[in-house]
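Chemist: Mapped onto my numbering, the consecutive letters of the sequence shown carry residue numbers 92 to 318.
Even glycine gets a Cβ: it sits at the ideal position worked out from N, Cα and C.
Since the structure is predicted, the reported quantities are computational estimates derived from the model, not experimental observations.
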Amino acid sequence: MPQQPDEIIYDRRRKRMMVQVLPGGKVVLKAPVGTSRRKINSFLEQHSSWIAEKRALMEKVAPPAQALKFVEGEMLWLAGRQYPLHLADKGAKGLVFKQGQGFFLVKTEQKNGAERLKTFYREYTRKAVTAEVNRLARQWGLQVKSIRITGAKRRWGSCSRQNSLNFSLRLAMVPPEALEYVVAHELAHTRYHDHSRAFWTFLGQMLPDYEVQRRWLKQNGLRLPDF
Ligand SMILES: [Zn+2]
92 MPQQPDEIIY DRRRKRMMVQ VLPGGKVVLK APVGTSRRKI NSFLEQHSSW
142 IAEKRALMEK VAPPAQALKF VEGEMLWLAG RQYPLHLADK GAKGLVFKQG
192 QGFFLVKTEQ KNGAERLKTF YREYTRKAVT AEVNRLARQW GLQVKSIRIT
242 GAKRRWGSCS RQNSLNFSLR LAMVPPEALE YVVAHELAHT RYHDHSRAFW
292 TFLGQMLPDY EVQRRWLKQN GLRLPDF
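(1) Enumerate in chain order the residues of its own chain whose CB-to-CB distance from ARG252 is below 7 angstroms, with the five nearest sequence positions on each side excluded.
(2) When burial is assigned at 16 or more other CB atoms within 10 Å of the CB, is SER259 buried or exposed?
(3) Pull every residue with its beta-carbon under 6 angstroms away from any heavy atom of ligand 1, and keep them in chain order.
(4) Would you grab the beta carbon distance between ARG207 and LEU186 for me? Rounded to a whole angstrom, and I think it's under 8 angstroms.
(5) Let me know if THR199 comes out buried or exposed under the rule of 16 or more other beta-carbons within 10 Å of its beta-carbon.
(6) For the beta strand (DSSP E) containing ASN75, list its first residue and its last residue.
(7) On the CB-based measure, 16 or more other CB atoms within 10 Å of its CB, does SER191 come out buried or exposed?
(8) Can you say whether GLN173 is buried or exposed, counting buried as having 16 or more other CB atoms within 10 angstroms of its CB?
(9) Rank PRO175, TRP168, PHE195 by C-alpha distance to the C-alpha of LYS181 and give the top, closest one.
(10) Identify the continuous alpha helix (DSSP H) that holds PHE290 and give its terminal residues.
(11) Quick one, are the C-beta atoms of THR281 and LEU233 less than 8 angstroms apart?
(12) If I'm right that LEU176 touches VAL224 with Cβ under 8 angstroms, what's the distance once you round it to whole angstroms?
(13) Should VAL303 be labelled buried (16 or more other beta-carbon atoms within 10 Å of its own) or exposed?
(14) Pick out whichever of PRO93, VAL124, GLY116, GLN111 has its Cα sitting closest to the Cα of ASP102.
(15) Give the single residue among GLY171, ALA170, LEU169, GLU165 whose Cα lies nearest to the Cα of LEU178.
(16) Whole angstroms are fine: how far does the CA of LYS209 sit from the CA of TRP231?
(17) CA-CA distance, ARG213 and LEU120?
(18) Leaving out five residues before and five after ASN254 in sequence, what residues of the same chain have Cβ atoms less than 7 angstroms from its Cβ?
(19) Determine the contact status of LEU148 and PRO93, defining contact as a CB-CB distance below 8 angstroms.
(20) What are the start and end residues of the beta strand (DSSP E) that includes PRO123?
(21) How would you call GLY248, buried or exposed, if buried means at least 16 neighbouring beta carbons within 10 angstroms?
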């Protein structure tokens, strides 16, 4: 018998079988409803070398981040590090961070964990980003119209034609140097509204090691949890 997939999904709308290997190495087979075990096995047999190769490859790729559950001891990111979440019997409604101890949330707010975390991250990002924008804008003589913190999942920041800057509250999770890079990147757009050579040259003057931070975000951005 061929190696079995980790999951079989029977799909009403599906006409033929398909096998997928996900980041982390999980093998998923999709089949039309009612496909026999015999047909599945022969399909797996036919594709066994492809599956083995792909699995070896995908095992090296980090699996996508899991959604947070807000349970006791769960690790939450802040500024590039992880800290445990503690559920408390009483306390403030919001999520609280205590240096050296981690995050605290009252048990009754556990069901609102995602909202509480977003509020916390939003405020943290607003403070951190505003400080960086002010510092770098002054240093490089740049003008910013406004700063807005968004819930964007795939975009760290953006800069409008009018030089209004948007930053994702997810920046609260990344190391301070990576946050600094995103701020410098968007600020550099106030001078060059494109990704021209001039833009990157200017960014390199603002932040000589920006490549390192850019790589960190590319490699780790998608692994940071969803909530
Ligand atoms: Zn850009």
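Modeler: On the basis of the supplied data:
(1) HIS284
(2) buried
(3) HIS276, HIS280, HIS286
(4) 4 angstroms
(5) exposed
(6) Nothing about residue 75 can be reported from this structure: the residues present for the chain run from 92 to 318 only.
(7) Checking the displayed sequence, the identity of residue 191 turns out to be Gly instead of Ser. So GLY191 counts as exposed.
(8) exposed
(9) PHE195
(10) 288-297
(11) yes
(12) Actually they do not touch by this definition, with Cβ atoms about 30 angstroms apart.
(13) exposed
(14) VAL124
(15) GLU165
(16) 31 angstroms
(17) 40 angstroms
(18) GLN234, VAL235, LYS236, THR281
(19) no
(20) 118-123
(21) buried
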